[in-house]
Every structure is written in C-alpha cells, then in structure tokens.
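Working notes, beginning with the structure itself.
2 protein chains.
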Amino acid sequence: MRVFSKAQIVAHFNPELAVSQLEEGFIAYSEGKVQVPPVQGFAFKGANGDCCVKSAYIEGSPTFTVKLSTGFYDNPSKGLPSNDGLMLVLSAHTGQPLALLQDQGWLTAMRTALAGRIAARLLAPSQVKAIGILGTGMQAQMQLEQLRAVTDCRQVIVWGRHERGLAAYTAFARELGFAVHSTQDAAEVAGAANLIVCTTPSRQALLHSDWVQPGTHITAVGADAPGKQELDPALVARADRIIVDAIAQCSQYGEVAHALGCGRIDANQLIELGTLLAGRAKGREHDSQITLADLTGVAVQDAQVASHALAALCT
Amino acid sequence: MRVFSKAQIVAHFNPELAVSQLEEGFIAYSEGKVQVPPVQGFAFKGANGDCCVKSAYIEGSPTFTVKLSTGFYDNPSKGLPSNDGLMLVLSAHTGQPLALLQDQGWLTAMRTALAGRIAARLLAPSQVKAIGILGTGMQAQMQLEQLRAVTDCRQVIVWGRHERGLAAYTAFARELGFAVHSTQDAAEVAGAANLIVCTTPSRQALLHSDWVQPGTHITAVGADAPGKQELDPALVARADRIIVDAIAQCSQYGEVAHALGCGRIDANQLIELGTLLAGRAKGREHDSQITLADLTGVAVQDAQVASHALAALCT
Chain H
1 MRVFSKAQIV AHFNPELAVS QLEEGFIAYS EGKVQVPPVQ GFAFKGANGD CCVKSAYIEG
61 SPTFTVKLST GFYDNPSKGL PSNDGLMLVL SAHTGQPLAL LQDQGWLTAM RTALAGRIAA
121 RLLAPSQVKA IGILGTGMQA QMQLEQLRAV TDCRQVIVWG RHERGLAAYT AFARELGFAV
181 HSTQDAAEVA GAANLIVCTT PSRQALLHSD WVQPGTHITA VGADAPGKQE LDPALVARAD
241 RIIVDAIAQC SQYGEVAHAL GCGRIDANQL IELGTLLAGR AKGREHDSQI TLADLTGVAV
301 QDAQVASHAL AALCT
Chain L
1 MRVFSKAQIV AHFNPELAVS QLEEGFIAYS EGKVQVPPVQ GFAFKGANGD CCVKSAYIEG
61 SPTFTVKLST GFYDNPSKGL PSNDGLMLVL SAHTGQPLAL LQDQGWLTAM RTALAGRIAA
121 RLLAPSQVKA IGILGTGMQA QMQLEQLRAV TDCRQVIVWG RHERGLAAYT AFARELGFAV
181 HSTQDAAEVA GAANLIVCTT PSRQALLHSD WVQPGTHITA VGADAPGKQE LDPALVARAD
241 RIIVDAIAQC SQYGEVAHAL GCGRIDANQL IELGTLLAGR AKGREHDSQI TLADLTGVAV
301 QDAQVASHAL AALCT
C-alpha cells in the first residue's frame with residue numbers, strides 16, 4: 001500500500017479534472033449505480049468530538065474508497081486542528097489496499113467546495129452582483145476559490161460572528177482578487193449578494209427568507225449532520241428549485257430535513273444534483289427564481305475525489 | 001501515524017493478554033457501553049468479492065477502531081490470498097489517527113479464534129473426549145491452537161471436503177501435539193467429538209442434530225454473513241444454552257438467524273457471551289447438556305484486539 005501525505009496530495013490535485021469526476025459520481029449515484037453503505041458515526045461526548053466513516057463503490061470502477069473524518073472541537077486549545085481524516089483506496093478486483101491518503105480532511109473540504117462550484121455553475125443567476133459567504137473558516141475560503149471558475153464576479157460580502165475571522169477572511173479574499181465587504185449582519189449579505197454560500201456549523205437558522213432577493217441562488221454545505229441548520233425553513237419552502245446531493249441523506253438531516261419535518265416542503269420537490277447534471281430535471285429557468293442546493297456530503301464524492309487524487313499522484 | 005506490518009503484529013501479539021481484553025470487550029458490549037455503528041458491506045459481484053467495515057468505540061477507552069476486511073475468492077488463482085484487511089486506531093481524545101495495523105486479516109482471524117477459546121472455556125463439557133473441527137483452513141488451525149489453552153484433550157477429528165486440505169491439517173495438528181483422525185463424513189466428527197468448532201463458509205447445514213451426542217459443546221464461527229450456514233436449525237433448537245456474541249447481529253445472520261427465521265427458537269432464549277462472562281446468566285449446568293456458541297464477529301472484538309496489538313507493539 002502506498003502512503004501519501006497531505007502536502008503531496010495538495011501539490012498534485014487538479015480541481016478541473018476532479019470536478020469532472022465528481023460530476024460523473026453524482027450522476028452515477030442518482031442512477032443507482034453506487035454502493036453507499038450506511039454512514040458510521042461516533043460521538044465522543046467527553047472530548048467534544050465526532051467521527052464519521054463514509055464508504056462508496058461506483059459499479060464498474062477499479063477501486064472503492066473508505067473515508068474517515070473526525071471533528072474534535074476542543075483541539076485548537078491543544079494546538080491541534082479541529083478536523084482530521086484520511087481516505088483508503090482499495091482494489092475492487094482483489095480487495096487489496098492500494099493507497100492511504102493522509103489528507104487530514106483536506107480532500108473532504110475540497111470535494112465539498114467542488115460540489116458548491118458545480119451547484120453554482122448549474123444554478124447561479126446569469127449576472128452575479130456579489131457573492132455572499134456565511135462563515136470565515138477553511139470551507140468559506142475554499143468555496144470562494146472554486147467559485148472563481150464559474151463566475152466573473154469579484155465582489156464578495158462575508159458574514160462572521162467575530163472580527164478576527166472577518167479580518168482574516170477579508171485579507172484572504174483580497175489576495176484572490178476580490179473586492180470585499182465584511183459584516184456581522186447576515187441580512188446585509190442577503191441584501192447585497194445573489195449567489196450565497198453558507199458554510200457554518202450553525203444549529204439555528206442564520207439566513208431568513210424575508211431578507212433574500214428574488215433571483216438568488218443559495219448553496220448550503222454546513223448542515224452535514226443531525227441538529228445543524230443554516231436556513232430558515234420558510235426560505236427552503238420559498239425556493240423554486242430544491243437541489244440536494246442525496247435525497248435519502250437530505251431527508252434525514254440538512255436544511256431540507258428541517259423543512260420536510262415541519263411540513264413546509266414535500267419530498268417530491270427534491271431533485272438530486274446528479275439528476276440535474278444528467279439533464280433529466282430542470283434547474284433555474286429565469287433570473288427571478290430562487291434556487292437552493294443543500295449539500296450534506298455523499299460518500300460517492302469521497303470515492304471520486306480520492307480516485308482523482310490517487311491518479312494525479314501516480315502519473 | 002505509525003504503520004505496522006503483519007509480521008510485526010504477529011511477533012508482538014500475546015494471546016493471553018488479548019483474551020482478557022476481548023472478555024472485557026464482550027462484557028462492555030453486553031452492558032451497552034460500546035458504540036457499534038452499522039456494519040458497512042460491499043459486494044463486488046464481477047470479482048467474486050466482498051468487503052466489510054466494522055468500527056467500535058468502548059466508552060471511556062482512549063482509542064477507537066475502524067476495521068476493513070476483504071474476501072476476494074478468486075484471488076488464489078491470481079497468486080493472492082483470499083482475505084486481506086487492516087485496522088486503523090484513532091485517538092478518542094483528539095480524533096488523530098494513531099496507527100495503521102496492516103495485519104492482512106490476521107487480527108480478525110485471531111480475535112475469532114480467541115472468541116472460540118473463550119466460549120470453550122465457559123461451555124465445554126468437563127471431559128473433552130475429542131475436539132472436532134469442521135474445515136481445514138486458517139481459522140480451523142487457529143481455533144485448535146487456541147483450544148490448547150482451555151482443554152488438556154489432544155485428540156482431534158477434522159472434517160474437510162478435500163484430501164489435500166485434510167492432509168495439510170493433519171500435519172499441522174500433529175505438529176501441535178495432537179493425535180489426528182481426518183474424515184470426509186461430518187457425522188463421524190459428531191460421533192467422536194464433544195467439543196466441536198465449525199469454521200467453514202458453508203451455505204448449507206453440515207452438522208445435523210441427530211448426529212450430535214448429549215454433552216457436546218459446539219462453537220460456530222463460519223456463518224459471518226447473510227446466507228451462510230453450518231448447523232441444522234434443529235440442532236440450534238436442541239441446544240440447552242444458545243450463546244451469541246451479539247443478539248442484534250445474530251438475529252440478522254448466523255446460525256441463530258436461521259433457527260429464528262423458521263420459528264425453531266425464540267429470541268428470548270439467546271444469551272450474549274458478555275452476559276455469561278459477567279456472571280449474569282447461566283452457562284452449562286451439567287455434562288449432558290448441549291451448548292452452542294454462535295459467533296458472527298462483533299466490532300468490539302476488533303477494537304480490543306487492535307488495542308492489545310498496538311500496546312504490545314509500543315512497549
């Protein structure tokens with residue numbers, strides 16, 4: 001088995017190739033061609049941590065992938081990052097472990113950002129006035145980086161709870177070539193931006209329906225586990241198109257689960273990203289529609305991003 | 001993260017210490033103190049293979065474990081072993097991956113053999129006339145090796161389908177100090193032995209109720225996935241004590257699931273090994289009872305055997 005470090009993985013990673021593989025993965029998933037066993041989850045209450053194991057095999061692929069990701073939220077006080085993780089790639093022909101990708105969670109963050117990019121490419125309004133970002137962390141950064149490939153807009157308005165996070169994000173976004181406005185008022189983001197990405201681990205709605213302008217596309221990636229929520233269920237209900245990465249998973253948690261739970265939407269309104277990518281469902285039809293992509297993260301993304309990373313490392 | 005090879009793991013492994021940790025693990029499991037997320041299973045039909053991911057965390061333990069095991073049954077024709085696997089040990093305090101145990105399935109085989117040893121210690125009749133083994137593979141060997149610690153009996157009768165396997169097993173068992181009789185008639189095993197271990201991947205009953213003598217203890221470890229079966233459900237029903245490693249899992253597959261499925265036994269007859277080990281249930285009461293241990297393999301065993309292996313490697 002070959003072992004690769006995060007530095008090696010990052011150095012060889014090609015987002016353009018990876019995004020194509022991710023799109024193929026979403027399509028295969030929505031066509032029922034992916035084995036996705038149940039997610040394994042652990043809670044470490046005393047340590048304020050959790051771990052999940054996500055595994056996937058795309059039928060006919062030469063490999064399959066098992067991914068571990070951990071979040072231990074008191075780690076920063078110990079000088080350690082909150083998130084860690086790794087991926088194992090095994091042969092689907094012989095079962096042999098082929099590679100250990102010690103990406104420390106970077107590939108998970110990247111595949112999430114690339115899914116946001118895919119959603120924005122398919123669903124953003126034709127004229128993006130400003131990009132709105134909720135959150136100032138690593139995922140907030142990676143989403144903005146990836147959006148540059150699908151929009152010419154270089155205006156960003158970022159929301160965060162703390163001045164320090166906002167200042168760091170402002171410096172980061174300026175470095176990328178963006179004109180930046182930062183705020184601690186999420187309503188201001190909704191007033192200025194018509195392409196909004198929500199990246200926080202919030203457990204209550206941050207973005208309210210009244211604030212959002214017609215024509216806005218919203219991608220929500222924060223609510224990746226039960227209990228998490230970034231959007232007002234009324235906003236979910238107001239969306240003209242509700243795209244999800246996986247109907248099965250988004251019915252259990254994510255923004256859509258909250259709106260389903262309180263009866264604001266019906267399960268038959270949900271369209272999978274893979275169905276949209278395959279051209280078997282309609283996305284945005286005009287620039288006054290509100291569209292939503294609720295992305296909870298599916299193991300097929302891990303399998304595809306690991307497959308790309310390994311191919312890139314070995315060529 | 002430290003990486004250890006199978007050779008290193010085998011060289012440092014101490015079955016006496018491991019068996020104690022396994023017993024503690026079974027007890028904790030039966031007391032509801034173990035997080036055991038759902039098993040992840042893959043089927044690779046074209047390649048005649050499967051993979052399962054079993055993970056466990058014993059509340060309060062400093063580590064948790066994720067185990068992958070694969071079985072690709074056409075591998076021998078490619079010069080590869082059928083089974084492979086590895087274990088990952090992570091910190092339950094920080095989530096950091098601590099060790100990769102590249103045991104190639106050896107630890108899984110060992111924890112299965114040690115569970116058989118535990119069951120025999122608790123349930124075998126006071127006088128073992130002969131040990132009966134069904135199967136001639138690696139697990140058949142490891143079970144016999146481990147039984148030496150819990151019985152003085154050095155008579156073994158082994159059943160297999162093929163002369164070559166029987167000849168190899170005979171040589172192996174003689175080397176261990178056993179007087180060996182081999183047969184292709186499973187009834188002969190039941191007639192001669194009163195401590196029988198079934199280790200085959202059979203999909204139909206090999207051991208029939210009529211053949212088995214009063215006083216016999218049977219440990220069945222082969223039926224570790226749906227569809228597999230080694231025992232006549234009438235034999236399961238005839239047992240005076242039915243011990244299982246995990247009621248939840250043995251209700252889904254294993255010998256007990258077949259007997260439950262055809263209504264031959266009732267779920268309230270099942271006793272977990274951990275409950276027996278904790279002294280909260282009765283085992284064998286006299287030498288004419290038939291006892292059965294149906295061991296399908298639980299992730300807590302993997303967590304405990306990995307924990308022992310890692311401690312042994314690091315001291």
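If you're matching them up, the sequences are chains H and L in order.
If you're matching positions, the first sequence starts at 1 in our numbering and goes up one per residue.
If you're matching positions, the second sequence starts at 1 in our numbering and goes up one per residue.
The C-beta atom is built at its ideal place from N, Cα and C for all residues, glycine as well.
The structure displayed is predicted, hence computed values, not measured ones.
Along the beta strand (DSSP E) that carries THR318 (chain H), what are the first and last residues, could you check? Any answer about residue 318 (chain H) is impossible in this case: the structure gives chain H only from 1 up to 315.
Could you check whether THR291 (chain H) and ILE247 (chain H) sit closer than 8 Å to each other, using their CB atoms as the reference points? no
What distance in whole Å lies between the Cβ atoms of ASP287 (chain L) and GLY215 (chain L), which are believed to be in contact at a cut-off of 8 Å? With a Cβ gap of about 5 Å, GLY215 (chain L) and ASP287 (chain L) count as contacting.
Three-state secondary structure assigned by DSSP to GLN213 (chain H): coil
Taking C-beta to C-beta, are ARG241 (chain H) and GLY283 (chain H) nearer than 8 Å? Their beta carbons are under 8 Å apart, which means ARG241 (chain H) touches GLY283 (chain H) by this criterion.
Taking the DSSP output, what are the residues bridged to GLY116 (chain L)? Checking the DSSP bridge columns, you'll see GLY116 (chain L) has no partner listed.
Based on Cα-Cα distance, which residue from L:LEU206, L:TYR57, L:ASP266, L:GLY227 lies nearest to ALA186 (chain L)? L:LEU206
Under 9 Å from the C-beta of THR94 (chain L): neighbouring residues of chain H: ALA47, GLY49, THR70, PHE72, ASP74, ASN75, LYS78, LEU80, ASP84
Whole-number beta carbon distance between PHE4 (chain H) and TYR57 (chain L), since they are thought to touch under 8 Å: Between the beta-carbon of TYR57 (chain L) and that of PHE4 (chain H) there is about 27 Å, and that puts the pair past the 8 Å contact cut.
Using the rule of at least 16 other Cβ atoms within 10 Å of the residue's Cβ for burial, across every protein chain shown, is SER77 (chain L) buried or exposed? By the neighbour-count rule (16 or more Cβ atoms within 10 Å), SER77 (chain L) is not buried but exposed.
Residue environment, ASP302 (chain H), which counts as buried when at least 16 other CB atoms sit within 10 Å: buried
Just mark ASN83 (chain H) as buried or exposed, buried being the case when its beta carbon has 16 or more other beta carbons within 10 Å. Buried, by the Cβ-count rule.
Chain H contact residues for PHE4 (chain L), given Cβ-Cβ distances below 9 Å: By Cβ distance, chain H contributes nothing, its closest Cβ being about 12 Å from PHE4 (chain L), past 9 Å.
Along the chain, where does the alpha helix (DSSP H) that runs through GLY250 (chain H) open and close? The amino acid at residue 250 (chain H) is misidentified as Gly; the sequence shows Cys. First-last of the alpha helix (DSSP H) with CYS250 (chain H): 247-250.
Can we say the stretch 267-281 of chain L touches the stretch 211-228 of chain L, given the rule of at least three CB pairs closer than 8 Å? no
Please classify ASN194 (chain H): is it buried, with 16 or more other beta-carbons within 10 angstroms of its beta-carbon, or exposed? buried
Check whether LEU313 (chain H) and GLN8 (chain H) have beta carbons under 8 Å apart: yes
Against chain H, does LEU100 (chain L) count as a neighbour if the rule is that its beta carbon must be under 8 Å from one of theirs? yes
How is ALA205 (chain H) classed by DSSP in three states: helix, strand or coil? strand
Are the C-beta atoms of MET1 (chain L) and some chain H residue less than 8 Å apart? yes
Using 8 Å as the limit for Cβ to Cβ distance, is PRO62 (chain H) near chain C? The chain labelled as chain C is not found among the protein chains of the depicted structure, namely H and L.
VAL256 (chain L) to ALA120 (chain L) span [Cα, whole Å]: 18 Å
Can you name the residues of chain L whose CB is closer than 7 Å to the CB of GLN304 (chain H)? None at all; the shortest Cβ gap to chain L is about 16 Å.
Listing by chain order, which chain H residues have their CB less than 8 Å from the CB of PRO97 (chain L)? LEU68, ASP84, LEU86, GLN102
Using a Cβ-Cβ cut-off of less than 7 Å, list which residues of the stretch 30-47 of chain H approach chain L; keep chain order. GLN35, PRO37, PRO38, GLN40, GLY41, PHE42, PHE44, ALA47
Taking the CB atoms as reference points, tell me whether LEU260 (chain H) and ALA267 (chain H) lie closer together than 8 Å. yes
Close beta carbons around THR183 (chain L), own chain, < 7 Å, minus the five adjacent residues each side: ILE157, TRP159, VAL189
Report the neighbours of SER182 (chain H) on chain L: residues whose CB is nearer than 8 Å to its CB, in chain order. Within chain L, no residue comes near SER182 (chain H); the closest Cβ sits about 31 Å away, beyond 8 Å.
Does the Cβ-Cβ distance between VAL212 (chain L) and LEU235 (chain L) come in under 8 Å? yes
On a CA-only basis, which of H:ASP50, H:GLY71, H:GLY60, H:THR151 is nearest ALA47 (chain L)? Give me that one, please. Of H:ASP50, H:GLY71, H:GLY60, H:THR151, the smallest CA-CA separation from ALA47 (chain L) is found for H:GLY60.
Let me check one thing: in DSSP terms, what residues is LYS54 (chain H) bridge-paired to? Partner(s): H:LYS67.
Could you tell me which of H:GLU285, H:ARG2, H:ARG203 sits nearest to MET87 (chain H), measuring between CA atoms? H:ARG2
Are the stretch 140-156 of chain H and the stretch 95-115 of chain H touching by the rule of at least three beta carbon pairs closer than 8 Å? yes
What is the DSSP secondary structure of ILE242 (chain H), counted as helix, strand or coil? strand
What did DSSP end up calling GLN301 (chain H) once you bin it into helix, strand or coil? helix
Using a beta-carbon distance below 8 Å, is TYR169 (chain H) in contact with chain L? no
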